[in-house]
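Numbering (UniProt numbering), first residue to last: 1 to 397.
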Ligand SMILES: *Cc1c(COP(=O)(O)O)cnc(C)c1O
């Protein structure tokens, strides 16, 4: 007997977690278009436009700005394997899961790794980075996460960039959950290499990882004594496909690039400034709502909260899994659970890209209140919604 399979028909979901998030029908539609060959000049035009639109999103003039094949972690690995050689020294800032992952990758590249840490939920203190430079010599790069998705912290970068420059080190930034959702100025802030992902604030399905390399990072790549320790992620070869030469390295994921181009076009049409305002407003309204319900945000300092990823502390006695299961079953809403040290202690609410909307904020506040009541907890849903609406009323957006 032949096993029977049904045609794919996903159930309704509203993705309000740490990614993937909602994707516009425009992007899904673009991805379903017929393929070009990856060396067809018509496709190369699309590839070029994708790079142009990526430069807009990254706020950079960097020529080497392109989407790597693979999810955000592939971008992280691209930056680390291309810039680090065995015997190099690197400062890695760690205040959550993604900082830990960066540190792991730096170590795997054979680098001597110096960790600069901060408690989860707080930013890395630039003074600690300065100290690490004082106590160690010949540091090649500083790696840091701009938007720590495991804690909801937005890390200020300018001071750390200055410190890296004073010490002639490269600054490497993880912008997976910030690109397209909150301000990120590659050139103005002096970021030498940066990577992101498609399924977070760019609101595209997962599968590509935009990276950008500035002059100094390319110099470091060109001055390597050893070959890059990954064939697939070796930018010195990949740039020959994305650059003038157009030589085959690996087959470009055509339809993923269609999707990314469309998602970036939507970022461009909305405009970065407008887009950042939208993300901030919806986050402010959501935070006002959960606080009015008596819940607390993980990140105490308002200035350091990410608008894209809102980490809410799970109150004593409330069962994490039961609430998330209720949201999924009754509403089709997915929010994220805690990661690493925050497992069972925090919910991660992603309000990014298409998911960052007034409708979703009001719906989620109501649904959360319902989930609380269903578990026998008190929840003032009226106060939560009123608080959120007040934020919207004040801004007339
Ligand atoms: C999601 C994420 C990654 C990893 O991206 P994947 O697409 O899951 O590989 C890396 N860094 C941060 C900050 C992230 O949020």
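Here a beta-carbon is modelled for each residue, glycine too, at the ideal position from N, C-alpha and C.
Identity of the residue in the options nearest residue i by Cα
i: residue 286; options: 228, 187, 381 and 204; result: 381
i: residue 337; options: 325, 330, 331 and 329; result: 325
i: residue 295; options: 255, 372, 93 and 234; result: 372
i: residue 352; options: 134, 127 and 149; result: 149
i: residue 395; options: 358, 377, 84 and 310; result: 358
i: residue 22; options: 333, 345, 392 and 42; result: 333
i: residue 275; options: 362, 190 and 354; result: 354
i: residue 62; options: 119, 127, 212 and 118; result: 212
i: residue 24; options: 356, 5 and 362; result: 356
i: residue 134; options: 115, 111 and 167; result: 167
i: residue 19; options: 123, 77 and 309; result: 309
i: residue 59; options: 181, 95, 188 and 104; result: 188
i: residue 313; options: 299, 237, 122 and 100; result: 299
i: residue 74; options: 330, 105, 56 and 240; result: 105
i: residue 57; options: 186, 362, 385 and 206; result: 186
i: residue 204; options: 232, 72 and 120; result: 72
i: residue 241; options: 38, 316 and 99; result: 38
i: residue 315; options: 368, 329 and 269; result: 368
i: residue 12; options: 330, 215 and 30; result: 330
i: residue 207; options: 120, 214 and 252; result: 252
i: residue 319; options: 345, 2 and 391; result: 345
i: residue 69; options: 125, 198 and 132; result: 198
i: residue 385; options: 362, 8 and 4; result: 362
Close-in-space but distant-in-sequence residues of the same chain around residue i (CB under 6 Å, 5 per side omitted)
i: residue 184; result: 175 and 178
i: residue 142; result: 91, 164, 169 and 171
i: residue 387; result: 288, 289 and 292
i: residue 54; result: 65 and 210
i: residue 97; result: 150, 339 and 340
i: residue 238; result: 249
i: residue 228; result: 81, 82 and 234
Neighbourhood of residue i by C-beta distance below 8 Å, restricted to the same chain and skipping five residues each side
i: residue 383; result: 292 and 293
i: residue 335; result: 16, 17, 324, 327, 347, 348, 349, 350 and 364
Contact test: residue i Cβ vs ligand 1 heavy atom, cutoff 7 Å
i: residue 22; result: no
i: residue 341; result: no
i: residue 199; result: yes
i: residue 104; result: no
i: residue 18; result: yes
i: residue 182; result: no
i: residue 353; result: no
i: residue 60; result: no
i: residue 118; result: no
i: residue 148; result: yes
i: residue 73; result: yes
i: residue 67; result: no
i: residue 133; result: no
i: residue 286; result: no
i: residue 76; result: yes
i: residue 299; result: no
i: residue 177; result: yes
i: residue 145; result: yes
i: residue 307; result: no
i: residue 206; result: yes
i: residue 174; result: yes
i: residue 372; result: no
i: residue 43; result: no
i: residue 98; result: yes
Neighbourhood of residue i by C-beta distance below 7 Å, restricted to the same chain and skipping five residues each side
i: residue 50; result: 67, 257, 260, 261 and 264
i: residue 190; result: 161, 165 and 171
i: residue 36; result: 42, 43 and 254
i: residue 322; result: 375
i: residue 173; result: 144, 146, 157, 191 and 194
i: residue 236; result: 221 and 228
i: residue 304; result: 123, 153 and 154
i: residue 130; result: 163
i: residue 278; result: 356
Beta-ladder partner(s) of residue i, from DSSP
i: residue 174; result: 145 and 195
i: residue 334; result: 15
i: residue 93; result: 116
i: residue 153; result: 148 and 305
i: residue 208; result: 69
i: residue 231; result: BP columns for residue 231 are empty, so no partner.
i: residue 298; result: Per DSSP, none; premise fails for residue 298.
i: residue 348; result: 311 and 336
i: residue 213; result: 64 and 193
i: residue 139; result: 89
Any non-hydrogen atom of ligand 3 closer than 7 Å to residue i Cβ
i: residue 356; result: Looking for ligand 3 in the displayed structure turns up nothing; the ligands present are ligand 1.
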